[in-house]
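Asks: The opening position of the sequence shown corresponds to residue 1 in this note's numbering, with each subsequent residue numbered one higher.
Note that the Cβ used here is the ideal one computed from N, Cα and C, for glycine as well.
This is the structure, below, for whatever I ask next.
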Amino acid sequence: MINAFELRNGRLQQLQVESREDLQQAKPIWVDFDSPTDEERQWARELFNLTLPDEDDFGDIEASARCFEDASGALQIRSDFLLDKDDESRNIPVAFVFRQDILFSLHQEDLPVFRLLRMRARHQPGYLEDCRDVLLDLYATDAEYSADALEGVYEALEEIGRRVLNARLTDEDAAAVLSSIAREEDLNGRIRRNLMDTRRAISYLMRQRLLSPDQIEEARQILRDIESLDGHTSFLFDKINFLMDATVGFININQNKIIKIFSVASVALLPPTLIASIYGMNFDFMPELKWAMGYPFALGLMLTSVAAPFWIFRRKGWLK
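This is how it looks when you write it as structure tokens:
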């Protein structure tokens with residue numbers, strides 16, 4: 001699918017692109033390719049002399065493969081945008097190409113950041129002036145989206161913290177807490193990766209001297225926002241590690257309680273076992289064997305030997 005956008009009276013207007021002729025007649029500042037077909041890729045080659053990048057190239061993480069100028073002189077930028085919905089977070093790769101004062105974008109899934117920018121540009125005159133404004137505002141909107149996601153991580157970790165500090169945390173509760181912590185750690189990591197990628201792309205744009213003074217100031221503001229969000233991700237990683245260690249510690253405490261019960265029981269049962277072993281020896285010269293009260297005496301002695309250790313352990317506080 002192709003979404004083309006023209007700038008009319010300071011507002012971004014979306015054009016209906018259903019054929020090659022529709023795209024040819026348009027004068028866009030931004031052309032967005034959402035899961036383009038082979039035919040739509042062919043239109044890009046014929047109308048704009050542009051070969052859209054392949055999906056296999058999106059995953060490269062080295063800087064030279066993320067921001068570069070191709071053989072035709074077009075600027076190529078690869079960026080990741082956060083998608084956080086329904087307890088599932090992902091980084092969606094997006095390719096940007098600057099050519100003939102037009103911004104071309106390519107991605108395989110619709111992103112909330114793109115929808116939000118289109119809505120703002122339609123309703124706010126003067127919000128955008130050229131294709132570079134489009135890209136900067138996409139990055140600014142993505143930073144806002146990441147900030148909202150971080151607020152969600154804060155709220156989730158606060159709830160997890162209350163559960164961890166509950167004195168009656170069971171092993172089943174601890175397992176659920178660990179699962180929740182893992183989800184928040186994954187989201188926080190994706191947010192941080194997203195911020196790092198955005199910082200790299202904006203720094204590249206500033207080095208290429210493509211931006212006007214106002215756009216440079218906007219880019220610096222985005223970098224300041226990213227810097228502040230980066231500090232939050234670091235703090236959240238520390239908090240996640242603390243909650244993880246605390247939860248594992250509670251699991252160890254519960255396991256130690258079980259081990260202590262078995263240890264106390266084994267120690268308490270040693271004396272009666274010894275008594276039973278002594279009187280179980282089958283020798284001729286054992287005076288208690290012919291004693292009428294020998295059997296109840298042995299049982300009483302065994303019970304006493306069990307009760308005495310438990311009484312001592314209770315006095316020492318070892319059974320708590």
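Does any residue of chain D bring its CB to less than 8 Å from the CB of M1?
Replies: Protein chain content of the structure displayed is limited to a single chain, and chain D is not contained in it.
Asks: Could you pull the DSSP bridge partners for A298 from this structure?
Replies: According to DSSP, A298 bridges with nothing at all.
Asks: Check whether the region 155 to 162 and the region 36 to 56 touch, using three or more Cβ-Cβ pairs below 8 Å as the test.
Replies: no
Asks: Can you tell me whether DSSP reads W311 as helix, strand or coil?
Replies: helix
Asks: Is the beta carbon of F33 sitting closer than 8 Å to the one on S105?
Replies: Yes, the pair counts as a contact, with Cβ atoms nearer than the cut-off.
Asks: Consult DSSP for S212 and reduce its assignment to one of helix, strand or coil.
Replies: Residue state, collapsed to three classes: coil.
Asks: Could you give the first and the last residue of the continuous beta strand (DSSP E) run that contains D32?
Replies: W30 to D34
Asks: Do I331 and I202 have their CB atoms nearer than 8 Å?
Replies: For the chain, the structure presents residues 1 to 320; residue 331 sits outside this window and is missing.
Asks: Can you tell me whether Q13 is helix, strand or coil according to DSSP?
Replies: Per DSSP, reduced to three states, the secondary structure at Q13 is strand.
Asks: Since E69 sits in a beta bridge, which residues does DSSP pair it with?
Replies: L75
Asks: Give a yes or no on whether the C-beta atoms belonging to V153 and N194 are separated by under 8 Å.
Replies: no
Asks: Find the nearest neighbour of R99 within the set E69, L274 and K316, judged by alpha-carbon distance.
Replies: E69
Asks: Since P93 sits in a beta bridge, which residues does DSSP pair it with?
Replies: D80
Asks: For the putative contact between A143 and I226, defined by C-beta atoms under 8 Å, what is the C-beta separation to the nearest angstrom?
Replies: The pair is a contact, with the Cβ atoms about 6 Å apart (cut-off 8 Å).
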